[in-house]
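J.: Have a look at the structure that comes next, please.
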Amino acid sequence: MKMNKLRSMFWSLCAVLLLQGCIGAPARTSAPVRQPGPTVPPPVEPAAAPGEARVRVYEPPQVALAAPLHSKAVQALLERSEQQRLESDLDGAVTTIERALRLESRNAHLWNRLAHLRYEQGRRTLAAELAAKSNALAARDLGLKRDNWLLIAAARRSVGDARGARDAERKARTLY
Amino acid sequence: MARTPTKKRRPAARSGTRAKKPRRRGVSRPRGRVKRRWLARLIAFGFLFSLVAGVYVLYLDHTVRTKFEGKRWAVPARVYGRPLELYAGARLTGEQLQAELRRLGYRKVAHPRQPASWSQSGSRFLIRTRNFQFWDGAEPEQYIDLRLDGGRVAHLSQADGAELALLRLEAPEIGSIYPAHNEDRVLVRRDQLPPGLVTALLAVEDRTFHEHHGVDPRGIARALWANLRAGALVQGGSTLTQQLIKNFYLTRERTLWRKLNEAVMALLLDARYGKDEILGAYANEIYLGQDGSRAIHGFGLASDFYFNRPLGELDLARQALLVALVRGPSYYDPRRNPKRARKRRDLVLRLLAEQGAISQAEARHAAAQPLGVTDQRGRGRGNFPAFMDLVRRQLHRDYREEDLTSEGLRIFTTLDPWVQAHAEEALGDRLGKLEKWNKLPAGKLEGSAVVVDAQGAEVLALVGGRKARFAGFNRALDAVRPIGSLIKPVVYLAALMEPARYTLVTPLEDTGLTIRGGDGKAWTPRNYDRKEHGQVPLHRALANSYNLSTVRLGMDMGLGRVADLLRELGISRPVEPVPAMLLGALSLSPLEVAQLYQGFAGGGFYSPLRAIREVLDAEGRPLQRYPLTVRQAVPGEAVYLLNRNLQEVVSEGTGKGLDRFLPSALKVAGKTGTTDGLRDSWFAGFTGDKVAVVWVGRDDNRPAGLTGGTGALQVWGDMMRRIAPLSLELISPEGVETVWVEPHSMMRSGEGCEGARPFPFIKGSAPRIHSSCSRGGESGLGGFLRDLFQ
Numbered sequence: 001m002k003m004n005k006l007r008s009m010f011w012s013l014c015a016v017l018l019l020q021g022c023i024g025a026p027a028r029t030s031a032p033v034r035q036p037g038p039t040v041p042p043p044v045e046p047a048a049a050p051g052e053a054r055v056r057v058y059e060p061p062q063v064a065l066a067a068p069l070h071s072k073a074v075q076a077l078l079e080r081s082e083q084q085r086l087e088s089d090l091d092g093a094v095t096t097i098e099r100a101l102r103l104e105s106r107n108a109h110l111w112n113r114l115a116h117l118r119y120e121q122g123r124r125t126l127a128a129e130l131a132a133k134s135n136a137l138a139a140r141d142l143g144l145k146r147d148n149w150l151l152i153a154a155a156r157r158s159v160g161d162a163r164g165a166r167d168a169e170r171k172a173r174t175l176y
Numbered sequence: 177m178a179r180t181p182t183k184k185r186r187p188a189a190r191s192g193t194r195a196k197k198p199r200r201r202g203v204s205r206p207r208g209r210v211k212r213r214w215l216a217r218l219i220a221f222g223f224l225f226s227l228v229a230g231v232y233v234l235y236l237d238h239t240v241r242t243k244f245e246g247k248r249w250a251v252p253a254r255v256y257g258r259p260l261e262l263y264a265g266a267r268l269t270g271e272q273l274q275a276e277l278r279r280l281g282y283r284k285v286a287h288p289r290q291p292a293s294w295s296q297s298g299s300r301f302l303i304r305t306r307n308f309q310f311w312d313g314a315e316p317e318q319y320i321d322l323r324l325d326g327g328r329v330a331h332l333s334q335a336d337g338a339e340l341a342l343l344r345l346e347a348p349e350i351g352s353i354y355p356a357h358n359e360d361r362v363l364v365r366r367d368q369l370p371p372g373l374v375t376a377l378l379a380v381e382d383r384t385f386h387e388h389h390g391v392d393p394r395g396i397a398r399a400l401w402a403n404l405r406a407g408a409l410v411q412g413g414s415t416l417t418q419q420l421i422k423n424f425y426l427t428r429e430r431t432l433w434r435k436l437n438e439a440v441m442a443l444l445l446d447a448r449y450g451k452d453e454i455l456g457a458y459a460n461e462i463y464l465g466q467d468g469s470r471a472i473h474g475f476g477l478a479s480d481f482y483f484n485r486p487l488g489e490l491d492l493a494r495q496a497l498l499v500a501l502v503r504g505p506s507y508y509d510p511r512r513n514p515k516r517a518r519k520r521r522d523l524v525l526r527l528l529a530e531q532g533a534i535s536q537a538e539a540r541h542a543a544a545q546p547l548g549v550t551d552q553r554g555r556g557r558g559n560f561p562a563f564m565d566l567v568r569r570q571l572h573r574d575y576r577e578e579d580l581t582s583e584g585l586r587i588f589t590t591l592d593p594w595v596q597a598h599a600e601e602a603l604g605d606r607l608g609k610l611e612k613w614n615k616l617p618a619g620k621l622e623g624s625a626v627v628v629d630a631q632g633a634e635v636l637a638l639v640g641g642r643k644a645r646f647a648g649f650n651r652a653l654d655a656v657r658p659i660g661s662l663i664k665p666v667v668y669l670a671a672l673m674e675p676a677r678y679t680l681v682t683p684l685e686d687t688g689l690t691i692r693g694g695d696g697k698a699w700t701p702r703n704y705d706r707k708e709h710g711q712v713p714l715h716r717a718l719a720n721s722y723n724l725s726t727v728r729l730g731m732d733m734g735l736g737r738v739a740d741l742l743r744e745l746g747i748s749r750p751v752e753p754v755p756a757m758l759l760g761a762l763s764l765s766p767l768e769v770a771q772l773y774q775g776f777a778g779g780g781f782y783s784p785l786r787a788i789r790e791v792l793d794a795e796g797r798p799l800q801r802y803p804l805t806v807r808q809a810v811p812g813e814a815v816y817l818l819n820r821n822l823q824e825v826v827s828e829g830t831g832k833g834l835d836r837f838l839p840s841a842l843k844v845a846g847k848t849g850t851t852d853g854l855r856d857s858w859f860a861g862f863t864g865d866k867v868a869v870v871w872v873g874r875d876d877n878r879p880a881g882l883t884g885g886t887g888a889l890q891v892w893g894d895m896m897r898r899i900a901p902l903s904l905e906l907i908s909p910e911g912v913e914t915v916w917v918e919p920h921s922m923m924r925s926g927e928g929c930e931g932a933r934p935f936p937f938i939k940g941s942a943p944r945i946h947s948s949c950s951r952g953g954e955s956g957l958g959g960f961l962r963d964l965f966q
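Chains S and U, in that order, are what the protein sequence lines are.
Numbering-wise (my numbering), the first sequence opens with residue 1 and increments by one.
Numbering-wise (my numbering), the second sequence opens with residue 177 and increments by one.
What follows is the structure, given as structure tokens:
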């Protein structure tokens with residue numbers, strides 16, 4: 001009885017080992033060769049701050065507006081325009097951006113700035129048109145396009161076009 | 177209470193008068209009475225005379241005061257072109273920079289120490305700029321170091337090495353809007369008058385100005401004596417005050433009465449106002465020259481007119497010349513009579529030296545200088561008449577004529593003098609050559625050109641005719657002529673906006689047809705080569721400007737649709753929707769065509785063309801801006817397809833002739849236009865930064881003998897070659913994909929398949945059936961699945 005039990009255990013063990021052998025990876029036939037050069041540690045994602053949950057599946061991360069590389073002249077005018085805006089001189093800020101656009105008329109970021117300024121001035125329809133113009137020149141700058149669509153959405157909503165606003169927001173959401 | 181005394185007094189007064197009369201009669205004697213009567217009459221007469229004279233003097237005083245204290249002059253609006261922006265990376269050649277500095281009256285020197293001067297060493301420029309008041313603030317005076325390399329600004333900094341991101345040179349003045357009496361002036365304040373000029377003026381015209389009271393009897397005597405001695409009129413006896421009165425208040429007639437008025441008014445003016453005020457008024461009123469119908473008044477404008485620089489920058493010799501002109505601007509005109517002017521100027525210098533105002537050495541040095549008069553004339557209406565005409569028309573929408581001619585407004589426009597100069601030259605040169613090469617009668621061809629900024633819609637240049645400086649018929653605005661095939665892109669755009677029906681490769685029938693209009697008349701269009709081309713893909717029909725396929729396409733789209741699209745793109749002129757419209761029976765001006773094509777260049781965004789940026793008042797306060805606006809008129813995807821097709825027009829179609837003028841790397845889009853009997857020759861097109869339209873034809877509307885390709889295209893090409901524009905790099909919109917297509921079968925193909933070409937399609941509109949070539953490289957299942965899902 002005891003012998004039978006031992007035998008069945010032995011055969012069971014053999015069967016399990018056999019099965020494992022079939023499913024598992026083939027045994028290595030030679031020793032691994034060490035790769036020369038320093039090993040690069042894999043990129044480590046920063047740990048989430050305590051209390052901050054990352055739910056990627058449902059909410060894609062915010063695409064930050066990539067800081068565009070402007071020429072020195074345009075950068076100076078952008079800074080000046082921003083200064084004017086902070087001083088509540090919106091007309092001056094608009095004039096400065098228009099001046100920058102004369103230097104670089106196909107710079108989509110400048111059209112976007114102009115759109116924001118016009119929005120701030122309450123000229124919502126014009127703001128939306130300027131944002132659309134910025135989109136037409138933005139090529140693959142998704143962050144900028146997203147910002148333009150959000151501005152268009154806000155402009156449309158402010159003039160009572162809720163459906164148009166939703167369309168624009170939908171467009172913005174696709175740009176990641 | 178108050179009435180009682182009045183009632184009491186009245187009878188007393190009456191009784192008093194009655195009582196006096198008999199008493200007077202009672203005391204008179206016969207001999208003495210006659211004497212006294214005469215005396216009384218004399219006194220009465222004297223009194224009456226004094227009264228009348230007094231009233232008259234009061235009247236004169238009132239006249240003097242009213243005009244002197246009110247707005248003294250109608251100050252014309254001054255019009256400026258665009259300022260040149262300098263920054264690292266800006267496209268700029270040495271030639272262009274030099275031209276701009278010359279236009280602004282900057283002096284080329286070895287070491288720039290004064291504002292408005294510059295030096296050059298190879299491609300390095302050191303420039304001392306002037307300060308200038310713009311709409312958005314002052315651009316301060318700066319000393320800059322600028323280096324050019326390969327047609328661009330390679331380096332810009334302050335001369336001491338400090339960083340400088342960008343700066344604007346002053347806006348060049350391009351004209352003024354002066355009133356019907358043609359007086360033009362630039363006001364200067366008394367403190368802006370250079371002391372040297374004042375000294376010279378007083379030394380020559382009125383030595384005792386600061387001592388006399390408006391009239392100088394000793395001066396008159398001295399002048400009389402001098403004139404007697406010389407036997408001619410060499411010296412005038414009028415004081416500056418009298419001269420001012422004469423110009424300011426009185427007519428030019430030479431009568432004793434006027435002389436008397438002049439003297440009295442001079443005394444009154446001197447009594448009422450300070451010497452400085454009188455001198456300031458004189459400096460602005462004095463007539464100093466003539467420019468066609470424009471009268472040059474005041475030292476401020478004269479300095480600009482003769483020397484192209486502000487009064488404060490004049491040296492002694494130039495100041496002396498201005499003073500010399502006071503005596504006779506026409507007789508001593510330094511442009512027409514330089515010898516006479518020089519003699520008079522040297523006399524002024526001698527007088528100054530004699531009176532000790534300057535040293536003998538200074539006088540000699542100044543006398544050795546040339547007159548220094550520029551050849552730039554006619555900045556009033558002369559230099560850019562067509563553009564100024566446009567500016568006036570746009571201003572008249574917002575301002576009254578009298579405000580423009582009298583309020584001293586400063587108007588900042590979009591004119592780029594560099595582009596304008598090249599457009600004028602290209603048109604003038606080419607028209608002559610076209611006449612010669614095509615054996616056309618000389619001097620009959622006319623033309624016009626418009627150049628517009630592609631994105632900002634600013635009008636950069638406007639040429640109204642072959643003689644661009646001649647203010648005649650402004651063809652750029654007023655020659656409203658049939659536009660021929662320039663309309664075709666609108667027809668094709670209407671089709672491309674319906675991607676489910678039309679793509680660039682959709683086959684069109686280029687076969688004859690007859691259309692009956694509403695009036696029952698039959699219209700049978702023909703191709704330019706009188707042939708039928710059978711089935712042609714849409715893009716080839718436009719590139720080769722086929723008429724038959726275009727008419728079929730337009731009739732399919734609907735005439736109303738094409739007319740609506742024209743309106744959407746900014747054509748406000750009423751459009752009659754008749755079939756002939758599809759081949760350009762529609763008449764437009766070159767400026768309107770520029771508006772239409774700017775819409776294409778702007779990617780389907782409509783921006784109204786602007787010639788004015790800002791208007792400031794006389795004190796430099798902002799009045800009005802004309803901002804940049806856009807409106808999406810047409811979907812960008814369809815316009816992108818159209819623009820690619822318009823590039824094909826230039827690379828392989830009717831616009832191919834441009835390759836004689838432009839470098840092959842420069843991408844351009846455009847369209848030729850020709851009308852019946854070769855009456856009008858058009859070319860409209862755009863590059864990366866500029867839209868330009870050229871019309872060539874005859875004013876009498878007789879056949880000019882040129883097609884769009886053999887006429888206007890040549891001018892366009894020559895003009896663009898000179899302007900050196902940016903290449904047209906089209907940005908593909910999101911909703912457009914590129915698909916390889918086999919040209920014969922119009923089937924979807926693969927890269928590398930024989931004869932296959934990539935075409936842009938609005939997503940979802942590309943051919944779905946694959947040619948055998950494109951399937952060759954793929955597994956059957958992959959191709960099947962792709963076909964299934966596309």
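Ideal placement from N, C-alpha and C gives every residue a C-beta, glycine not left out.
From the DSSP output, in three-state form, read off residue 776/U for me.
T.: Residue 776/U falls in the helix class under three-state DSSP.
J.: Straight-line CA distance for residue 520/U to residue 497/U?
T.: Whole-angstrom Cα-Cα distance: 8 angstroms.
J.: Would you say the beta carbon of residue 437/U comes nearer than 7 angstroms to a heavy atom of the ligand FMN?
T.: For the ligand FMN, the structure offers nothing, since it holds no ligand at all.
J.: Comparing alpha-carbon positions, which option in 933/U, 434/U, 885/U lies nearest residue 236/U?
T.: The option with the nearest alpha carbon to residue 236/U is 434/U.
J.: So which residues of chain S does residue 263/U contact, with C-beta pairs closer than 8 angstroms?
T.: Those within 8 angstroms of residue 263/U in chain S are 71, 72, 73, 103.
J.: Write down every uninterrupted run of the beta strand (DSSP E) in the segment 752 to 796 of chain U whose length is 3 residues or greater and which is fully enclosed by it, in chain order.
T.: Those beta strand (DSSP E) runs which fall completely within the segment 752 to 796 of chain U and span 3+ residues are 788 to 792.
J.: Taking 8 angstroms as the cut-off, does the segment 717 to 728 of chain U touch the segment 621 to 635 of chain U (at least 3 CB pairs, one atom from each stretch)?
T.: Counting Cβ pairs under 8 angstroms, fewer than three are found: no touch.
J.: Could you tell me which residues DSSP pairs with residue 475/U in its beta bridges?
T.: Paired residues: none, contrary to the question.
J.: I'd like to know if residue 94/S contacts chain U, where contact means its C-beta is closer than 8 angstroms to some C-beta of that chain.
T.: At least one chain U Cβ lies under 8 angstroms of residue 94/S.
J.: Please check the pair residue 464/U and residue 370/U, which I expect to be a contact at CB under 8 angstroms, by giving their CB distance rounded to whole angstroms.
T.: With a Cβ gap of about 15 angstroms, residue 464/U and residue 370/U do not count as contacting.
J.: May I have a chain-ordered list of the alpha helix (DSSP H) segments no shorter than 4 residues that lie completely inside the segment 564 to 624 of chain U?
T.: Listed in chain order, the complete alpha helix (DSSP H) runs (minimum 4 residues) inside the segment 564 to 624 of chain U are 577 to 582, 593 to 613.
J.: With 9 angstroms as the C-beta to C-beta threshold (strictly closer), list the residues of the segment 574 to 608 of chain U near chain C in chain order.
T.: No chain C appears in this structure, whose protein chains are S and U.
J.: Would you give the residue range spanned by the beta strand (DSSP E) that residue 639/U belongs to?
T.: That run of the beta strand (DSSP E) goes 635 to 639.
J.: Helix, strand or coil: which one does DSSP assign to residue 845/U?
T.: The answer is strand: DSSP assigns residue 845/U an E or B state.
J.: Considering only C-alpha positions, which residue in the set 642/U, 721/U, 495/U is nearest to residue 548/U?
T.: Minimum Cα distance to residue 548/U is reached at 495/U.
J.: Counting only runs of 4+ residues fully inside the segment 730 to 755 of chain U, write out the alpha helix (DSSP H) ranges in chain order.
T.: For the segment 730 to 755 of chain U, whole alpha helix (DSSP H) runs of length 4 or above, ordered along the chain, are 735 to 744.
J.: Specify whether the segment 629 to 646 of chain U and the segment 559 to 567 of chain U touch according to this definition: at least 3 beta carbon pairs, one from each stretch, less than 8 angstroms apart.
T.: The answer is yes - the segment 559 to 567 of chain U touches the segment 629 to 646 of chain U, with three or more Cβ pairs under 8 angstroms.
J.: Counting only Cβ pairs nearer than 7 angstroms, list the residues of chain U close to residue 106/S.
T.: Here the neighbours are 631.
J.: Please list, in chain order, all residues of the same chain as residue 111/S whose beta carbon is under 6 angstroms from its beta carbon, the five residues on each side excluded.
T.: Only 130, 133, 134 meet the Cβ criterion.
J.: In angstroms, rounded to a whole number, what distance separates the CA positions of residue 953/U and residue 105/S?
T.: Below a pLDDT of 50, predicted positions are generally treated as unreliable, and residue 953/U, at 42, falls in that range; the measurement from the model is reported next regardless. Straight-line Cα distance between these residues: approximately 44 angstroms.
J.: What residue range does the beta strand (DSSP E) around residue 322/U cover?
T.: That run of the beta strand (DSSP E) goes 319 to 325.
J.: Which same chain residues end up closer than 8 angstroms to residue 642/U when comparing Cβ atoms and leaving out the 5 residues on each side of it in sequence?
T.: The residues are 603, 604, 607, 621, 622, 623.
J.: Quick one, which of 851/U, 426/U, 824/U, 933/U has its alpha-carbon nearest residue 704/U's?
T.: Comparing Cα-Cα distances from residue 704/U to each of 851/U, 426/U, 824/U, 933/U, the minimum goes to 851/U.
J.: On a CA-only basis, which of 716/U, 242/U, 784/U, 754/U is nearest residue 748/U? Give me that one, please.
T.: Residue 748/U has its Cα closest to that of 784/U, out of 716/U, 242/U, 784/U, 754/U.
J.: Would you kindly work out how many angstroms separate the C-alpha atoms of residue 916/U and residue 679/U, rounded to a whole number?
T.: Rounded to whole angstroms, residue 916/U to residue 679/U spans 13 angstroms at the Cα level.
J.: Under the three-state reduction of DSSP, which class applies to residue 344/U: helix, strand or coil?
T.: Residue 344/U: strand per DSSP, three-state reduction.
J.: Residues of the segment 885 to 910 of chain U in Cβ contact with chain S at a cutoff of 7 angstroms, in chain order, please.
T.: Residues passing the 7 angstroms Cβ filter: 907, 909.
J.: With distance defined between alpha-carbon atoms, name the residue in 90/S, 141/S, 136/S, 145/S nearest to residue 183/S.
T.: Given a span of 1 to 176 for chain S in the structure shown, any question on residue 183/S remains unanswerable.
J.: Going by DSSP in three states, residue 363/U sits in which element: helix, strand or coil?
T.: Coil.
J.: With H, G and I counted as helix, E and B as strand and the rest as coil, what does DSSP make of residue 199/U?
T.: For residue 199/U, the predicted structure reports a pLDDT of 47, less than 50, and the residue's modelled location is therefore unreliable. The matter cannot be settled from this model.
J.: Based on Cα-Cα distance, which residue from 403/U, 907/U, 380/U, 600/U lies nearest to residue 522/U?
T.: Considering only alpha carbons, the answer is 380/U.
J.: In angstroms, rounded to a whole number, what distance separates the CA positions of residue 349/U and residue 279/U?
T.: C-alpha separation (whole angstroms): 9 angstroms.
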